[in-house]
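Chemist: Heads up: the sequence lines are chains V, W and R, in that order. My numbering puts the last residue of the first sequence at 175; the count rises by one with no breaks. My numbering puts the last residue of the second sequence at 516; the count rises by one with no breaks. My numbering puts the last residue of the third sequence at 331; the count rises by one with no breaks.
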Amino acid sequence: MSGDGNTASHGPAHRKVELATAAAIGLFGIIVVYGALQAGIGWGFEGPKAGFFPFIIGVILIGATCVNLWNGLQTSSSKVFSEWDELKRVWDVTWPIAIFIALVPYIGIYFASAVLIAYFMMRISDYGIGRTAIVALSVPFVTFLVFERWFLVALPKGPIEAMFGY
Amino acid sequence: MAEFANLFHGFATVLAFQDVNVFGTTMYLPFNIFIMIVGIVLGVIIGVLPGLGGANGVAILLPLTFSMQPTSAVILLSCIYWGALFGGAITSILFNIPGEPWSVATTFDGYPMAQQGKAGEALTTAFTSSFVGAFFAVIMITLLAPMVAAFALRFGAAEKFAVYFLAFASFVGLSKEPPFKTLAAMLIGFALAAFGTDHMTGSLRLTYGSDYLLPGFDFLIAVIGLFGIGEIMLTMEEGLKFKGKEAKINLHVVLQTWKKLPQYWWTYLRSCIIGCWMGITPAGATPASFMSYGIAKRVSKNGKNFGNGEIEGVIAPETAAHAAGKSALLPMLALGVPGSPTAAVLLGGLLIWNLQPGPMLFVENKEFVWGLIASMYLGNIVGLIIVLTCVPMLAAILRIPFGIIAPIILMFCAVGAYTVRNSFFDVVMMLVFGILGYLFKKTNYPLAPLVLAMVLGDRAEEAFRQALVGSAGNMGIFFSNGLVSSIMALGFIALFWSVISAGISRVRGAKPEAA
Amino acid sequence: MFQLKRSSVFVAAAALGIALGAQTANAWEPEKTVEIVVPAGTGGGADQMARAIQGIVAKHNLMKQSMIVVNKAGGAGSEGFNDVKNSKGNPHKLIITLSNLFTTPLGTNQPFSYKDFTPVAMLALDEFVLWVNAEKPYKNVKEYIAAAIEATKKGSNFKMAGTGSRQEDQIITAAIEKATGAKFTYVPYRGGGEVAVQLVGNHADSTVNNPIEAVAHWRGGKLRPLCVFDSKTMPYNDKVAGDLPWSSIPTCKSQGLDVEYLMLRGFFMSPGATAEQVKYYVDLFQKVRQTPEWKDLMNNGAFNQSFMTGKEYVEWVAKEHQRHYNLMKEAGFLAN
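(1) Establish whether the CB of residue 174 of chain V and some CB of chain R are separated by less than 8 Å.
(2) Report the partner residues of residue 156 of chain R according to the DSSP bridge assignment.
(3) Which residues, in order along the segment 60 to 78 of chain V, keep a beta-carbon less than 8 Å from a beta-carbon of chain W?
(4) By Cβ distance below 7 Å, which residues in the same chain neighbour residue 372 of chain W in space, the five residues on each side in sequence not counted?
(5) Taking residue 36 of chain W as the reference, which of W:495, W:421, W:384 and W:309 has the closest Cα?
(6) Can you tell me where the beta strand (DSSP E) holding residue 121 of chain R begins and where it ends?
(7) Do you know offhand how far residue 184 of chain W's Cα is from residue 238 of chain W's?
(8) Please report the residue range of the alpha helix (DSSP H) in which residue 31 of chain V lies.
(9) Would you kindly report the start and end of the unbroken beta strand (DSSP E) that includes residue 126 of chain R?
(10) Which two residues bound the contiguous beta strand (DSSP E) that contains residue 236 of chain R?
(11) Can you name the residues of chain V whose CB is closer than 9 Å to the CB of residue 233 of chain W?
(12) In three-state DSSP terms, what is residue 370 of chain W?
(13) Given this structure, state the Cα-to-Cα distance separating residue 130 of chain R from residue 158 of chain W, to the nearest angstrom.
(14) Who are the neighbours of residue 444 of chain W on chain V, taking C-beta pairs under 7 Å?
(15) Measure the Cβ-Cβ separation of residue 35 of chain R and residue 260 of chain R and say whether it is below 8 Å.
(16) From which residue to which residue does the alpha helix (DSSP H) around residue 318 of chain W run?
(17) Below 7 Å CB to CB, which residues in the same chain sit around residue 113 of chain V once its five sequence neighbours on both sides are set aside?
(18) DSSP beta-bridge partners for residue 30 of chain R?
(19) Look up residue 303 of chain R in the DSSP assignment and give the residues it is bridged to.
(20) Which residues share a DSSP beta bridge with residue 117 of chain V?
(21) Whose C-alpha, out of R:258, R:196, R:28 and R:104, is nearest the C-alpha of residue 128 of chain R?
(22) Note down, in chain order, each residue of its chain lying with its Cβ closer than 8 Å to the Cβ of residue 227 of chain R, except the 5 sequence neighbours on either side.
(23) Tell me whether the beta-carbon of residue 1 of chain W lies closer than 8 Å to the beta-carbon of residue 403 of chain W.
(24) Which full runs of the alpha helix (DSSP H) of 4+ residues lie inside the segment 73 to 111 of chain W, going along the chain?
(25) Per DSSP, what kind of secondary structure is residue 338 of chain R in: helix, strand or coil?
(26) Say whether the segment 311 to 323 of chain W touches the segment 350 to 362 of chain W, bearing in mind that this needs 3 or more beta-carbon pairs closer than 8 Å, one atom from each stretch.
(27) Check whether the Cβ atoms of residue 105 of chain W and residue 113 of chain W lie closer than 8 Å to each other.
(28) With a cut-off of 8 Å on the beta carbons, I'd call residue 200 of chain R and residue 123 of chain R a contact; round off their distance for me.
(29) Could you tell me how far apart the beta carbons of residue 59 of chain V and residue 48 of chain V are, in whole angstroms, since I believe they sit closer than 8 Å?
(30) Would you say residue 359 of chain W reaches chain R, if we count a Cβ-Cβ gap shorter than 8 Å as a contact?
(31) Is it buried or exposed for residue 196 of chain W, if we count other Cβ within 10 angstroms and need 16 for buried?
(32) Terminal residues of the continuous beta strand (DSSP E) containing residue 263 of chain R?
(33) Would residue 171 of chain V be called buried (16 or more neighbouring beta carbons within 10 Å of its own) or exposed?
(34) Do residue 289 of chain W and residue 275 of chain W count as a contact pair if the criterion is CB distance below 8 Å?
(35) Would you decide whether residue 78 of chain R is buried or exposed? Buried here means 16 or more other CB atoms lie within 10 Å of its CB.
(36) Is DSSP giving residue 245 of chain W helix, strand or coil here?
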């Protein structure tokens, strides 16, 4: 995610990822402290105000992050976080999930799921078009029946479901 | 004793034969037993499919039960509830995705067991433990109902805070990860719980002017992301497969596991007591499961192996969660306070059938109350039999290739995330939490303290501030009577014990190193 | 299916009041599943009512299409209201309202108002009753207020427990403070049931629970009702607690506490609904009101059974909005 160069031969250095994660957590701490200050951090007549606890949490979080950053700097820089091709595999599932989620509001969760299942079966594994079609169509269809017909839970639907009157 | 007479009357109600119309022919059947089986099966399905979980499932079926007698209807709904409790453990163990909040602690050892090819054993242990916890709680309800209700009334805000504090103190300081990373993870959990509307003042905090942040972060979204999505990424990195393909898939595994379980009688008893205590107070099933896990880890001689597939690590949280889940029903019936959203919907159902939850229910609707309690006994036994026969089938799910099962899991994660609040933002957050879960696992930030802090943080802060509003800011409220003082004292003992033991282990040089 | 485009939904709604009863041969009917949005969590009063209606409609086959209930509680209900507001022209989406129709936009600056929705009908009003623990010495409103003022003078705190903050319970509390000069310490909890139990356990001095939330404890002899915040006593004469019916509780005004508050349990539709569509749902709710299950529900909860549609309903809502604005302004609950 966050490693950049070829410091180690096969992947990003563990130390860099470690430091980046700690820095991100520290940033989160700063955001929380900022939000808490907006909400008011005093201790009123009726006990602490809305921002009191978030403020303390944020401050300690920043403190803990400093220690973690310092510890991170002490670790050797030769250790590899993950091999590049391992990370590539992680990336290969991450972007389809992101696209799947992005598609849901437009084409509905059932059709988007069919596409996701088809992608996984054909690209991540090596299934033929026939088996893929069977699984990719039947699973969302059964899910549709369970949720929309039998349990009456409304999930996001798109133009295809609308064609059938849903 | 009057209780036993009542209970037997209850059994008679549940087992009574009725003329039932089945496919056009009238048959003479124990209708309520039939209803019970239907309820348990539906419940397990609801527990496994994240989008249908808990409150949703019961609420959806509530209207369908209007044409039944109240006793049958409540048996159906409560059996769905019990079934969902059983079902929550299934996804925790098989896919590292807790279907319900109280199954989170079950993943800690249940999922590693499944990965080692012991899915059948883990499932059997989880189901059996659920049964033991629930059964213990039901017996306690039968014997102590009036006393328990009176005891529950003594819990004001200060006492509730003390209970949360105790639950938290018994769990923290347990992880093998570096202490400051544990601290950071815990604080992230607390911070996430604080987002959104502040319940005490009604004012907004940490929303930065965004409508999306108004409702705050839901615990289930974080858990689905951190555990479920994160796990799929880790599995992908390790090379495309869920381990545990070699899971045994015959019913033999049930009997073999049962032979092992009696030696853990002390873990069972302890977890039952913790569970009932947390259920009555009422802190709920989720803190109960964490607290029980935490204490088991400290007390057990295998404590060091917790987290790597230790059977006691499944027994402790499952037993406590179910003891708490069942015993929480008692305050609900006797006082009219729901312990969970599911319980709230059940309560609404009672009102529709003209049954008024509260102290008078036990006097005026004896038949109903004892019928319900009897159905808890029978429903549990029926439930256990049903889920145990499913163990081989469930374990076999792990044989489905990753390329097929992974996108299906992802679909149900998205469905589950969406249905929590019918919001797309939550589905997006699920992916964000998934990436975080992957990164945190790789960089040794423990997820358990984060999750626990997220569960308890909001409610603990609320109870703390309610107590202080009531006492006009006087901290003495937390030591103002025997009950609250002793719970606080226990909490401090648990807290400092962990600090001491952590200190000792650090002195011994058990320095953790990234894998 | 033709759609009437009206610049103001209020014109359509007002027309409805007159159009009532004029049955046409092929009137509008829902073509797909009807969604009832509940801008609150599962288990609350609005949720219970929505689910009861869902059950009644299903049991009596009052509608060809099915009806589902969706909870959108986020941001004090604004999630639900914004969802309906943004579904302009979708006649298959209704929202059941509670007081957060007024309090949420006023208290949090959320960009919606009652004017954004097409009003359908008021089904009932929820009563509020002043409750105290039965062990407490004060037996009537006068003694209660004297005790509260006494506590205020001594500087000790007199605790009022209620549901949520800056919502109906706290607004009533503020109104009582204004009417009497006593100071209460308002302690917010998440649900009405919990509030009642806090009172039974003596962790609070009084509450303003809805009848249904506290009735069990009244019957159990743990709580005592002092007065009801309505202009007339509740019309239910069946004995509820011992020999006492709901109608035995006096109005607060008759006891010298001039505060009135009722909570709306009514329906609105998404913006841009036609008069025909509104009429369909009004007729549907009329049928629901005739069922025995509905009558039981009203009886159990001691609801005020006012039913309003059309212009009358619109005027009531507008008046109530103004009243909330005034009450919240005085109490300092308005968003800046």
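Where a beta carbon is used, it is the ideal one built from N, C-alpha and C, also for glycine.
Modeler: According to the data block:
(1) In the first sequence, counting from the first residue as 1, residue 174 of chain V sits at position 165. At least one beta carbon of chain R lies nearer than 8 Å to the beta carbon of residue 174 of chain V.
(2) Numbered from its first residue, the third sequence carries residue 156 of chain R at position 161. Paired residue(s): R:182 and R:202.
(3) Close to chain W, meaning a Cβ-Cβ distance shorter than 8 Å, are the following residues of the segment 60 to 78 of chain V: 60, 62, 63, 66, 67, 69, 70, 73, 74, 76 and 77.
(4) As a working note, residue 372 of chain W is residue 371 in the second sequence. Apart from sequence neighbours up to five positions away, the residues of its chain that approach residue 372 of chain W with a beta-carbon distance below 7 Å are 11, 14, 15 and 72, ordered along the chain.
(5) Residue numbering aside, residue 36 of chain W sits at position 35 when the second sequence is read from its first letter. Nearest C-alpha to residue 36 of chain W: W:384.
(6) For this step, residue 121 of chain R is matched to residue 126 along the third sequence. Per DSSP, the continuous beta strand (DSSP E) segment holding residue 121 of chain R begins and ends at 113 to 121.
(7) Within the second sequence, the letter at position 183 stands for residue 184 of chain W. Within the second sequence, the letter at position 237 stands for residue 238 of chain W. Going by the C-alpha atoms only, they are around 27 Å apart.
(8) Against the first sequence, residue 31 of chain V aligns to sequence position 22. Per DSSP, the continuous alpha helix (DSSP H) segment holding residue 31 of chain V begins and ends at 23 to 48.
(9) In the third sequence, the residue the question calls residue 126 of chain R occupies position 131. Boundaries of the beta strand (DSSP E) harbouring residue 126 of chain R: 124 to 128, taken from the DSSP string.
(10) Here residue 236 of chain R refers to the residue found at position 241 when the third sequence is read from its first residue. Boundaries of the beta strand (DSSP E) harbouring residue 236 of chain R: 234 to 236, taken from the DSSP string.
(11) On the second sequence, residue 233 of chain W is found 232 positions in, with the first residue counted as 1. Below the 9 Å Cβ cutoff, chain V contributes 102 and 106 as neighbours of residue 233 of chain W, in chain order.
(12) In the second sequence, counting from the first residue as 1, residue 370 of chain W sits at position 369. In the three-state reduction of the DSSP assignment, residue 370 of chain W falls in the helix class.
(13) Within the third sequence, residue 130 of chain R is the residue found at index 135, counting from 1. Within the second sequence, residue 158 of chain W is the residue found at index 157, counting from 1. Distance between the alpha carbons of residue 130 of chain R and residue 158 of chain W: 21 Å.
(14) Here residue 444 of chain W is taken as the residue at index 443 of the second sequence, counted from 1. Those within 7 Å of residue 444 of chain W in chain V are 26, 27 and 30.
(15) Reading the third sequence from its first residue, position 40 is the one you call residue 35 of chain R. Reading the third sequence from its first residue, position 265 is the one you call residue 260 of chain R. At a Cβ-Cβ threshold of 8 Å, residue 35 of chain R and residue 260 of chain R do not count as neighbours.
(16) The residue you call residue 318 of chain W lines up with position 317 of the second sequence. Taken as a continuous stretch (DSSP letters only), the alpha helix (DSSP H) holding residue 318 of chain W covers 313 to 328.
(17) Residue 113 of chain V sits at position 104 when you count from the first residue of the first sequence. If we look at residue 113 of chain V and ignore the five residues flanking it on each side, its Cβ neighbours are 121 and 165.
(18) Here residue 30 of chain R refers to the residue found at position 35 of the third sequence. For residue 30 of chain R, the pairing in a beta bridge is given by DSSP as R:63 and R:88.
(19) Counting from one through the third sequence, the residue named residue 303 of chain R turns up at place 308. Partner(s): R:117.
(20) Taking the first sequence and counting its residues from 1, the one referred to as residue 117 of chain V is at position 108. V:166, per the DSSP bridge assignment.
(21) Locating residue 128 of chain R in the third sequence gives position 133, where the first residue counts as 1. Ranking R:258, R:196, R:28 and R:104 by Cα distance to residue 128 of chain R puts R:196 first.
(22) Within the third sequence, the letter at position 232 stands for residue 227 of chain R. In the same chain as residue 227 of chain R, and ignoring 5 residues on each side of it, the C-beta atoms closer than 8 Å to its own belong to 246, in chain order.
(23) What the structure shows of chain W is the stretch from 2 to 516, and residue 1 of chain W is not part of that stretch, so it cannot be assessed.
(24) Restricting attention to alpha helix (DSSP H) runs no shorter than 4 residues, the segment 73 to 111 of chain W encloses none.
(25) Within the shown structure, residues of chain R are numbered from -4 to 331, placing residue 338 of chain R beyond reach of any answer.
(26) No: fewer than three Cβ pairs fall under 8 Å.
(27) Translated into the one-based positions of the second sequence, residue 105 of chain W becomes position 104. Translated into the one-based positions of the second sequence, residue 113 of chain W becomes position 112. Not closer than 8 Å, so no.
(28) Your numbering for residue 200 of chain R matches position 205 in the third sequence. Your numbering for residue 123 of chain R matches position 128 in the third sequence. The pair is not a contact, with the Cβ atoms about 17 Å apart (cut-off 8 Å).
(29) In the first sequence, counting from the first residue as 1, residue 59 of chain V sits at position 50. In the first sequence, counting from the first residue as 1, residue 48 of chain V sits at position 39. Between residue 59 of chain V and residue 48 of chain V a beta carbon distance of about 4 Å is seen, short of the 8 Å cut, so the two are scored as contacting.
(30) Here residue 359 of chain W refers to the residue found at position 358 of the second sequence. Judged by the 8 Å Cβ criterion, residue 359 of chain W is in contact with chain R.
(31) As a position in the second sequence, residue 196 of chain W is number 195, starting the count at 1. Residue 196 of chain W counts as buried, since at least 16 other C-beta atoms from the protein chains shown sit within 10 angstroms of its C-beta.
(32) Walking along the third sequence from the start, residue 263 of chain R turns up at place 268. That run of the beta strand (DSSP E) goes 258 to 264.
(33) As a working note, residue 171 of chain V is residue 162 in the first sequence. So residue 171 of chain V ends up on the exposed side.
(34) Counting from 1 along the second sequence, the entry for residue 275 of chain W is found at position 274. Counting from 1 along the second sequence, the entry for residue 289 of chain W is found at position 288. Their beta carbons are under 8 Å apart, which means residue 275 of chain W touches residue 289 of chain W by this criterion.
(35) Taking the third sequence and counting its residues from 1, one reaches residue 78 of chain R at position 83. Under this definition residue 78 of chain R is a buried residue.
(36) Counting from 1 along the second sequence, the entry for residue 245 of chain W is found at position 244. Caution is warranted here: a pLDDT of 48 is assigned to residue 245 of chain W, below 50, making its placement in the model unreliable, and the coordinate value is therefore given only provisionally. Assignment of residue 245 of chain W by DSSP, reduced to helix, strand and coil, places it in the coil class.
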